[in-house]
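Enquirer: Pasting in a structure now, in structure tokens, and then I'll have a few things to ask.
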Amino acid sequence: MKHKLAFTLIEILLVVAIIGVIAPTTYVGVSSYFSQARDYHRKKDLKDLEVVMEYYYDAASAYPATIPDCGKPLKYQERVILDSFPCDPTTNQPYTYLTDSLTNYQWYKIYTHLEKTSDLSIPLIGCSGGCGPECAYNFGVASSNISVTACVWSAPYSTPIPTIEPTMTPYITLAPTIQTSAAPTPTVVVPTPAYFRYVCAPGGGQIGSCEIFDDPDRSLCPFVFPNDETCQNTCEDKNNRCKNASGKFKPE
Numbered sequence: 000m001k002h003k004l005a006f007t008l009i010e011i012l013l014v015v016a017i018i019g020v021i022a023p024t025t026y027v028g029v030s031s032y033f034s035q036a037r038d039y040h041r042k043k044d045l046k047d048l049e050v051v052m053e054y055y056y057d058a059a060s061a062y063p064a065t066i067p068d069c070g071k072p073l074k075y076q077e078r079v080i081l082d083s084f085p086c087d088p089t090t091n092q093p094y095t096y097l098t099d100s101l102t103n104y105q106w107y108k109i110y111t112h113l114e115k116t117s118d119l120s121i122p123l124i125g126c127s128g129g130c131g132p133e134c135a136y137n138f139g140v141a142s143s144n145i146s147v148t149a150c151v152w153s154a155p156y157s158t159p160i161p162t163i164e165p166t167m168t169p170y171i172t173l174a175p176t177i178q179t180s181a182a183p184t185p186t187v188v189v190p191t192p193a194y195f196r197y198v199c200a201p202g203g204g205q206i207g208s209c210e211i212f213d214d215p216d217r218s219l220c221p222f223v224f225p226n227d228e229t230c231q232n233t234c235e236d237k238n239n240r241c242k243n244a245s246g247k248f249k250p251e
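Residue 0 is where the sequence shown starts when you use numbering that gives the first Met the number 0, and the numbers rise one by one after that.
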């Protein structure tokens with residue numbers, strides 16, 4: 000007499016429970032692997048571009064004024080410097096590229112954001128507090144005559160806003176809108192704090208001068224001190240000062 004093989008309800012529930020335990024762990028592991036792979040791609044792209052930029056400079060005696068779209072060649076006149084320009088593996092958008100016509104394109108910076116914020120490359124280049132425009136990036140490369148602009152936070156994000164009203168675009172931290180479920184209760188909007196770009200200005204005598212700049216990257220400032228009007232008292236060291244004042248805040 001043949002017996003039919005069948006699973007009992009308890010066995011089925013046990014299998015489902017085991018899968019429920021294993022699946023999230025597997026997903027997290029796979030997701031982490033892919034994010035690390037994308038970060039490796041980003042870092043390799045930027046390191047490769049360091050070499051490419053020097054090839055371009057050798058040909059043009061300047062760095063590119065702009066970079067091409069994803070997959071397009073980087074050219075100087077009719078000479079192809081790079082067949083296919085790389086882009087971010089997630090957004091498929093070009094990496095953030097900065098240079099300045101005022102210096103005849105004698106410097107460049109390229110920024111990206113790594114998904115794994117514990118990546119050892121981040122503190123190695125001083126970007127633990129963010130770097131670049133709006134402190135929105137955590138990895139970058141630059142021409143050998145400058146460095147990426149690192150953000151140095153000396154206070155938590157709740158630091159009070161200075162009592163000035165600049166016309167520049169401030170650093171913005173998004174704050175949630177709090178709304179109760181009761182219909183008659185009005186919506187309470189939490190004020191959004193602004194962060195001002197304090198830097199060690201060029202010049203400033205022996206002790207230096209901590210001032211607000213609109214565009215620290217353009218002024219080749221090595222550090223930005225958001226909301227810190229003292230710049231952590233580091234402006235005495237001339238190595239911490241901006242190279243020029245082209246990005247200085249100018250009130251209207």
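C-beta atoms are modelled at their ideal positions from N, C-alpha and C, and glycine is treated no differently.
Starting from A265, follow its DSSP beta bridges and name the residues at the other end.
Expert: Here the chain covers residues 0 to 251 and nothing more, so residue 265 does not appear.
Enquirer: Could you tell me whether the Cβ atoms of C234 and G204 are closer together than 7 Å?
Expert: no
Enquirer: Between the alpha carbons of K237 and V198, how many angstroms are there, rounded?
Expert: 12 Å
Enquirer: Do R217 and D99 have their beta-carbon atoms positioned less than 7 Å apart in this structure?
Expert: yes
Enquirer: Is the CB-CB distance between Y194 and P225 below 7 Å?
Expert: yes
Enquirer: With a Cβ-Cβ cutoff of 7 Å, do E153 and D227 count as a contact?
Expert: Before going further, note that residue 153 is Ser rather than Glu in the sequence given. Cβ atoms of S153 and D227: closer than 7 Å.
Enquirer: Kindly list the residues whose CB is nearer than 7 Å to the CB of D118, restricted to its own chain and excluding five residues on each side of it in sequence; keep chain order.
Expert: D38
Enquirer: Taking its Cβ as the centre, do 16 or more other Cβ atoms sit within 10 Å of P250, making it buried, or is it exposed?
Expert: exposed
Enquirer: Under three-state DSSP, which class holds E114?
Expert: coil
Enquirer: Please report the residue range of the beta strand (DSSP E) in which P225 lies.
Expert: Looking at the DSSP string, the run of the beta strand (DSSP E) that includes P225 is 222–225.
Enquirer: Using C-beta distances below 7 Å, list every residue in its chain close to C211, excluding the 5 sequence neighbours before and after it, in chain order.
Expert: Per the sequence presented here, residue 211 reads as Ile, with Cys not at that position. These residues qualify, in order along the chain: P165, F195, R196, Y197, F248.
Enquirer: Please say whether Y94 and T253 have beta carbons closer to each other than 7 Å?
Expert: Residue 253 is absent from the structure shown; the chain starts at 0 and stops at 251.
Enquirer: When you compare only the Cα positions, how much space is there between P283 and Y62?
Expert: Past the boundaries of the shown model lies residue 283; the chain is included only from 0 to 251, so the question cannot be answered.
Enquirer: If you draw a straight line from the alpha carbon of G130 to that of R41, how long is it in whole angstroms?
Expert: Here residue 130 turns out to be Cys, not Gly, going by the sequence shown. Rounded to whole angstroms, C130 to R41 spans 16 Å at the Cα level.
Enquirer: Terminal residues of the continuous beta strand (DSSP E) containing I121?
Expert: Premise fails: I121 lies in the alpha helix (DSSP H), 120–123, not in any beta strand (DSSP E).
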